[in-house]
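Visitor: Sharing a structure below in structure tokens format, with a few things to ask.
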Amino acid sequence: MKTNRPDGRRFIIYCFFFIVFLCILASVNEIRFDSLLKFGKCAFNHTVPHNSSAENFLVANLASENSSSNDIRILIGILTLPDHYHKRHFLRLIYGTQSPVGGRVDVKFVFCNLTKEDQTVLVALEIMRYDDIIIMNCQENMNKGKTYTYFSSLPEMLNTTDGPYPPYHYVMKGDDDAYFRLQSLVDSLRPLPREDLYYGYVIPCPSMDPFVHYMSGMGYLVSWDIVEWIRDSDIPKNHLEGPEDKNFGEWLRDGHRGKNRYNAKWSMYNYPEPPTRCTHELWPDTVAVHLLKTQEKWIRTLKYFNVTQNLKPSKLYHIP
């Protein structure tokens with residue numbers, strides 16, 4: 001028994017020192033781990049604002065990749081009538097399935113004050129559901145100032161202190177019997193000036209000179225500075241009656257505006273039938289097709305441009 005005691009003491013001493021070693025090792029590793037955590041946190045804080053989470057940071061990066069300050073902002077106002085409910089629903093399908101790259105295009109339906117009880121209910125429901133209607137303070141008319149009211153009302157409606165300026169780079173007036181291909185429109189505007197621009201289909205039909213007459217009412221577009229000029233100038237106010245597209249061109253001529261002009265012919269044209277000097281066959285390089293007065297003409301146009309090509313296959317339907 002006496003010979004075993006030194007061995008037992010020696011074992012206890014070894015165990016004690018081993019435990020101390022483990023404690024020291026754990027303490028050192030904890031210090032290293034804390035240092036790594038602090039270093040990582042410091043590096044991350046240099047990348048992400050203190051009031052942002054990693055998730056918000058990633059979301060912000062994705063958003064910046066999907067949008068750019070160079071994207072064109074376009075407002076298309078489709079002048080129509082309050083009672084044209086079915087036409088508006090149809091056009092929502094046409095424009096709601098287009099997603100142009102490099103530009104934000106908002107399509108709004110524009111008409112004057114409501115005059116019927118059913119309009120106050122049905123139009124209000126449309127606004128609640130789609131938020132794509134502009135109701136102006138005017139009486140419905142074609143050639144007695146409706147277009148002027150549309151353009152001149154926009155600065156007060158759209159200019160805000162907490163939004164971008166201008167709210168839109170370009171504003172277009174369009175007809176409800178015209179089909180606008182939004183990606184083609186964005187692509188055609190990208191190289192053009194964003195100030196003092198007047199864009200459209202030159203009238204008369206044989207002309208290719210945008211400085212001779214004016215742009216067809218099927219759809220003409222101006223830059224935001226011209227919209228503000230229309231609001232402020234007395235020239236449009238004193239010249240309201242008559243063909244609205246012709247009047248518009250005369251406003252710009254008399255006010256020495258629209259020095260940058262772009263003739264979109266023949267990317268814009270009238271439907272091929274009946275043939276006139278303003279028409280030609282449908283073709284790929286198209287911004288707008290006008291005079292789609294019947295369902296048959298709309299269907300032929302939409303089929304030509306293969307607008308349903310992105311329809312996803314599903315067991316829920318079969319469309320040949």
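Quick note: the sequence shown, position 10, residue 10 per UniProt numbering, numbers continuous.
Note that CB positions come from ideal geometry on N, CA and C, so glycine has one too.
A quick note: this is a predicted structure, and the numbers were derived from the prediction, not measured.
Over what stretch of residues does the beta strand (DSSP E) that includes Leu221 continue unbroken?
Guide: By one-based count along the sequence shown, residue 221 stands at place 221. Where Leu221 is concerned, the enclosing beta strand (DSSP E) stretches over 219-223.
Visitor: Buried or exposed for Leu292, please, with buried defined as at least 16 other CB atoms from any protein chain shown within 10 angstroms of its CB.
Guide: Residue numbering aside, residue 292 sits at position 292 when the sequence shown is read from its first letter. The residue in question, Leu292, is buried, as its Cβ has 16 or more Cβ neighbours within 10 Å.
Visitor: How do the region 138-147 and the region 235-244 stand: do at least 3 beta-carbon pairs fall below 8 Å, yes or no?
Guide: Result yes; three or more Cβ-Cβ pairs closer than 8 Å.
Visitor: Along the chain, where does the alpha helix (DSSP H) containing Tyr95 start, and where does it finish?
Guide: By 1-based counting over the sequence shown, the position of residue 95 is 95. Its alpha helix (DSSP H) spans residues 85-96.
Visitor: Name the residue from Cys112, Glu228, Leu197 whose alpha carbon lies nearest to the alpha carbon of Asn159.
Guide: As a first step, residue 159 is located in the sequence shown; it is residue number 159 there, counting from the start. Ranking Cys112, Glu228, Leu197 by Cα distance to Asn159 puts Glu228 first.
Visitor: What are the start and end residues of the beta strand (DSSP E) that includes Pro178?
Guide: Here residue 178 is taken as the residue at index 178 of the sequence shown, counted from 1. It is worth fixing the name first, because residue 178 is Ala in this sequence and not Pro. Here Ala178 belongs to no beta strand (DSSP E), and DSSP marks it neither H nor E.
Visitor: If you draw a straight line from the alpha carbon of Asp106 to that of Pro204, how long is it in whole angstroms?
Guide: Sequence index remark: in the sequence shown, residue 106 carries index 106 (1-based). Sequence index remark: in the sequence shown, residue 204 carries index 204 (1-based). When rounded, the distance between both Cα atoms is 29 Å.
Visitor: Under the rule that 16 or more other beta-carbon atoms within 10 Å means buried, what is Tyr317, buried or exposed?
Guide: To locate residue 317, count along the sequence shown from 1; it is residue 317. By the neighbour-count rule (16 or more Cβ atoms within 10 Å), Tyr317 is not buried but exposed.
Visitor: What is the DSSP secondary structure of Gly249, reduced to helix, strand or coil?
Guide: Numbered from its first residue, the sequence shown carries residue 249 at position 249. Here Gly249 sits in helix by DSSP.
Visitor: Span of the beta strand (DSSP E) holding Asn268?
Guide: Sequence index remark: in the sequence shown, residue 268 carries index 268 (1-based). Before going on, a small fix: residue 268 reads as Met here, not Asn. Run containing Met268: 268-270, per the beta strand (DSSP E) assignment.
Visitor: Buried or exposed for Lys265, going by 16 or more other Cβ atoms inside 10 Å?
Guide: Residue 265 sits at position 265 when you count from the first residue of the sequence shown. Buried, since its Cβ has 16 or more Cβ neighbours within 10 Å.
Visitor: Out of Tyr148, Asn306, Gln98, point me to the one whose CA is closest to Val110's CA.
Guide: As a working mapping, residue 110 is identified with position 110 in the sequence shown. When each option's Cα is compared against that of Val110, the closest is Tyr148.
Visitor: I'd like to confirm the pairing. Which residues does DSSP put opposite Ile74 in its beta bridges?
Guide: Sequence index remark: in the sequence shown, residue 74 carries index 74 (1-based). According to DSSP, Ile74 bridges with Val105, Tyr170.
Visitor: What are the residues that DSSP puts in a beta bridge with Leu79?
Guide: Start at 1 with the first residue of the sequence shown, and residue 79 comes out as number 79. In the DSSP output, where bridge partners are listed per residue, Leu79 has Val110, Asp175.
Visitor: Using only CA atoms, which one of Ile76, Asn70, Asp71, Ile72 lies nearest to Leu221?
Guide: By 1-based counting over the sequence shown, the position of residue 221 is 221. When only C-alpha atoms are compared, the closest one is Ile76.
Visitor: Hey, does Pro313 have any beta-carbon neighbour from chain D nearer than 8 Å?
Guide: Although the question refers to chain D, the structure presented lacks it and comprises just one protein chain.
Visitor: Does the distance from the CB of Leu114 to the CB of Ile134 come in under 8 Å?
Guide: Locating residue 114 in the sequence shown gives position 114, where the first residue counts as 1. Locating residue 134 in the sequence shown gives position 134, where the first residue counts as 1. No, the Cβ-Cβ distance between Leu114 and Ile134 is not below 8 Å.
Visitor: Just verifying my parser: in three-state terms, what is the DSSP assignment at Val202?
Guide: In the sequence shown, residue 202 corresponds to position 202, counting from 1. Reduced to three states, the DSSP call for Val202 is strand.
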